[in-house]
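Trainee: Using our numbering, the letters of the sequence shown map in sequence onto residues 22 to 221. For glycine and all other residues, C-beta sits at the position ideal for the given N, C-alpha and C. Sharing a structure with you now.
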Amino acid sequence: MWQAVLVITPTTVVLFLLGALALALGLALWAVRAPHRRAPRTTAQVLLAVWLLLMLVVTLAPVQPVGSGDATFWWRPGEGLFELGAQLEPGQVALLVRRQIAGTALFVPVPLLLRFASPRWSAAGAFLLGVGLSVAIEAGQLLMRAGRVADIDDVLCAAAGTVTGAALALLAKTAAAVLHRRALPRRAVRAAAAPAPEEA
């Protein structure tokens, strides 16, 4: 994740959120305009599966041989950032903050794509799934003892990212519904204005 951390800036964060919103709006409009087609849902399912695979690689890939490290768990909120940060230079603390932002962003697409991949999932259900996934990842890091630290801050960041993703999905669905309703009268007017076919 450190490679991604290096590109975290206010600009890239805004662009990421706008991109996520654009993706959600595109899926929402597609689903509204083609309610009986499975293509929008299938596309969201494929994207969700790819993103989950990427998450597992990023968060669980060992940085040293499995079982060779300590089973470290930072259970107090802010422990990794404030206590460790107090021993670091300002530039290194900034990297830790960027890492937290990257961890938050990593979970944004999960509820966003889930709401389109399986529309029956509620926003609350998507939130619980995202947090549960984060807890499972931290537990995996703890049990693997492969150079990674299980940190409650990662779970809190995942919760924030999950809320953000669910909110973006809700915003996109609402906007798509409004745009679709506004488009219906125009289509009706065009249909009424169209000349009737001439009889042979």
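Can you give me the C-alpha to C-alpha distance between ALA215 and ALA52, rounded to a whole angstrom?
Mentor: Unreliable placement is indicated for ALA215, whose pLDDT of 49 sits below 50; the coordinate value is still reported in the next sentence. Between ALA215 and ALA52, the C-alpha separation is close to 27 Å.
Trainee: Over what stretch of residues does the alpha helix (DSSP H) that includes GLN66 continue unbroken?
Mentor: 60-81 is the extent of the alpha helix (DSSP H) around GLN66.
Trainee: Excluding five sequence neighbours on each side, which residues of the same chain lie with their C-beta closer than 6 Å to the C-beta of VAL129?
Mentor: If we look at VAL129 and ignore the five residues flanking it on each side, its Cβ neighbours are ALA41, GLY182, THR185, GLY186.
Trainee: In whole angstroms, what is the alpha-carbon distance linking LEU27 and LEU116?
Mentor: So the alpha carbons of these two residues sit roughly 8 Å apart.
Trainee: Measure the alpha-carbon distance for ARG203 versus ALA43 and round it to whole angstroms.
Mentor: C-alpha separation (whole angstroms): 19 Å.
Trainee: Any idea what DSSP makes of ALA171, helix, strand or coil?
Mentor: Strand at ALA171.
Trainee: Starting from the C-beta of LEU46, find all residues in its chain whose C-beta is less than 7 Å away, skip the five residues before and the five after it, and write them out in chain order.
Mentor: The residues are ALA193, ALA196, ALA197.
Trainee: Answer yes if the region 160-176 comes into contact with the region 135-148, meaning at least three C-beta pairs across the two stretches below 8 Å, and no otherwise.
Mentor: With the cut-off at 8 Å, the region 135-148 and the region 160-176 do not touch.
Trainee: Could you tell me if ALA91 is buried or exposed, where buried requires 16 or more neighbouring beta carbons within 10 angstroms of its beta carbon?
Mentor: The amino acid at residue 91 is misidentified as Ala; the sequence shows Asp. Its Cβ having fewer than 16 others within 10 Å, ASP91 is exposed.
Trainee: DSSP has PHE94 in a bridge; who is on the other side?
Mentor: The partner list for PHE94 (beta bridge, DSSP) reads ALA171.
Trainee: Would the beta-carbon of GLY151 fall within 8 Å of that of VAL131?
Mentor: In contact: GLY151 and VAL131 (Cβ atoms closer than 8 Å).
Trainee: VAL79 and LEU48: beta carbons closer than 8 Å?
Mentor: Contact: no.
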